[in-house]
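Residue numbers (my numbering), protein chains in the order written: chain A, 23 to 376; chain B, 23 to 376.
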């Protein structure tokens, strides 16, 4: 641990949402301070951060001051403008690295990267115009989903195409953004692996969790997932392959579709992940601390699972159920301190320990 | 939960040490912000607090501004000057209440309170001068410990008296502070109960832990304690009796000596307690969250223990063992972000899960 960042060092975090908030808490447990960079005012992470910069990602002076005030930079979301990354990278180490961001910021690049690694993905085709889309639909068939290549999350920037005559309308809905058409995968279940890779190249993965989405938003993650031992091993090996190929440092979320005969990679996220929140109640070292350990040069923590857990997101008005949830035993509640309740907004989550 | 403090409310914490730090983290999990009041600069809790006031407890203007900025006030140590409490209490609710503080700030008042409740303590006598001390030694015998009535912690303000001819020197060492002579208790083991009482009067106690001290400082707490079921039940009932009598709201630490035939109360602490740190690794809701739940009007959380844990304090240079401890599995490490290592200084702790 000779390269370990000393206690009292400052970790810069791009993005001030709930992931940044929980990363800040984890950083404090290891004796570190955090500095949040976030364009929006009063972000959730600010409540537990040592310092906060409120500035857009286009503000070079603010970015420079931020880099000067921190020892290492990480992020809680992947859609950070390239210009900001270029500047920051010239001043302080960014972990996970740019290669991981490049592979996840663009769905087309991501899928090509995964296929090159020998990993299965949904069938896909690049779509820049109506002609591309018609060709893609002919090849992939319907139903299919047209997605923007960049900046999509929680089901945003996606249009379902059920028949070819919807092509033009679907394309119009994306306002001319570069897109990708993805075929449907006939899967039994969706799982995800939360993997981590340390500065020393060591890898530790948590037990895969099984996910349930509603309306494009994660509703629950349950561990253990109802998969075979073989599938469990394959999922972990596959995540390790991705982490190593990217020379990755930090925690990554890998979403997988489980079909009858294979694991298909749906998406990789170069950050702590909503499907890893269960680790707060089921492991000695949770995903947030694991990420902080990785980017500060600590040995990775013990990712062994010692409890069965179901994590449920509290979305929008779900938060009104908190008084009742608080009364039930074996519930660990996490609220993000967001003042305004909006439909679809993640307000908190509950880890129920079995 | 109609009186529950709404999300986004601010909890004022008197004291900015590691307990305040971990209370701040727990507050964030329930959607609250914290404001730390601490005379010293850059206290550990400041790293994870929404706001910090750096001012002495004698600064009425600072106290007033602090009270104006928070919704409820709590504290991480009991030796807060009375004048500060008088002022704050007139402006915002203080939880736990003054009665609890009065009973724990003065060893003489504390022991009288416990005896009045029918609970056993070590034999004791008030000592204001040499004559008192000689009489007390004649009654209690030696060895005995002369302690200041107020403001003692971690073995400070205590003198061991092994024979009566040490009386004068012992008294001189306390510089004329009002004192108490305590007889020794012939105990097998020391345990402590971390109990909580909610705003609604409900009570929840964690499983008693067994403590080992070295040089007057807590070294380890282990759960389960090696006690009988009867002792376990008695210890919890005894803690509940104290909580109810004080109309207490919050978490309290009750240190007990286990002798052959009874439980003797050593000390009560009206706050989260070092001997309750194990709850971070062994319970769904830890003592810090339990305290925040109590003082903000939440239902108390599930205090059931689901793992065996040994908590070890990292004192002074122990912190240099962290790289090795981080490599061992089932260790959960907590560092307090203290820049300077001093002998006897609590730098962090490790929860080892069995």
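Ideal placement from N, C-alpha and C gives every residue a C-beta, glycine not left out.
From a predicted model like this one, the values you see are computed outputs, not experimental measurements.
Taking each of 49/A, 138/A, 148/A and 135/A in turn and checking the Cα distance to residue 311/A, the smallest one comes out for 49/A. In this structure, residue 353/A lies away from residue 299/A, with their beta-carbon atoms at least 9 Å apart. The three-state reading of DSSP puts residue 26/B in coil, since its state is none of H, G, I, E or B. When C-alpha distances from residue 54/A are compared across 313/A, 265/A and 250/A, the shortest belongs to 313/A.
With a threshold of 9 Å between beta carbons, residue 327/B makes no contact with chain A. If you compare the alpha carbons of 169/A, 230/A and 262/A with that of residue 247/A, the shortest gap goes to 230/A. For residue 33/B, the enclosing beta strand (DSSP E) stretches over residues 32-36. Listed in chain order, the alpha helix (DSSP H) elements of length 4 or more contained wholly in the segment 89-164 of chain A are 104-111, 120-127, 129-138 and 152-162. The beta-carbon distance between residue 166/B and residue 215/B, rounded to whole angstroms, is 26 Å. This is too long to meet the 8 Å contact definition. With contacts defined by Cβ atoms closer than 9 Å, residue 359/B and residue 34/A do not form a contacting pair.
Interface criterion met: the Cβ of residue 47/A is under 9 Å from a Cβ in chain B.
Interface annotation for the segment 196-225 of chain A against chain B: empty, criterion Cβ-Cβ distance under 8 Å.
C-alpha of residue 71/A to C-alpha of residue 102/A: approximately 20 Å in a straight line. Remark: fewer than three beta-carbon pairs, one from each stretch, lie closer than 8 Å, so the segment 264-280 of chain B and the segment 194-205 of chain B are not flagged as touching. Annotation note: the segment 331-369 of chain A contains the following uninterrupted alpha helix (DSSP H) runs of length 4 or greater, listed N- to C-terminal: 344-349.
No Cβ of chain B is located within less than 9 Å of the beta carbon of residue 317/A. By the rule that beta-carbons nearer than 9 Å mark a contact, residue 345/B touches chain A.
Taking 8 Å as the upper bound for CB-CB distance, residue 73/B and residue 91/B are in contact here, some 7 Å apart. Among the CB atoms of chain A, none fall inside 9 Å of the CB of residue 271/B.
Residue 133/B is classed as buried because its beta carbon has at least 16 other beta carbons within 10 Å across all chains shown.
Taking a contact as a CB-CB distance under 8 Å, the pair residue 131/A and residue 124/A counts as one, their CB atoms being some 6 Å apart. About 11 Å separates the beta carbons of residue 148/B and residue 168/B, which is beyond the 8 Å limit, so they are not a contact pair.
Taking C-alpha positions only, residue 80/B is separated from residue 105/B by approximately 8 Å. If only complete runs of 4 or more residues are kept, the segment 181-211 of chain A shows the alpha helix (DSSP H) at 189-195, in order along the chain. Judged by DSSP in its simplified three-state form, residue 168/A adopts strand. Between residue 300/B and chain A, the shortest Cβ-Cβ separation is not below 9 Å. Chain B has a Cβ within less than 9 Å of the Cβ of residue 303/A. Spatial neighbours of residue 217/B in its own chain (CB-CB distance under 6 Å, excluding positions within 5 residues in sequence) are listed in chain order as 227, 261, 265 and 274.
Note on residue 197/A: under 16 other CB atoms within 10 angstroms of its CB, so exposed under the neighbour-count rule. Secondary structure of residue 263/B (DSSP, three-state): helix. At the C-beta level, residue 245/B and residue 331/B come within 9 Å of one another. With respect to residue 145/B, residue 161/B sits close: the two C-beta atoms are nearer than 9 Å.
Using a CB distance cut-off of 9 Å, residue 367/B does not count as an interface residue toward chain A. Where residue 312/B is concerned, the enclosing alpha helix (DSSP H) starts and stops at 309-317. For residue 358/A, the nearest beta carbon of chain B is closer than 9 Å to its own beta carbon. Interface with chain A (9 Å Cβ-Cβ cutoff): residue 309/B is excluded.
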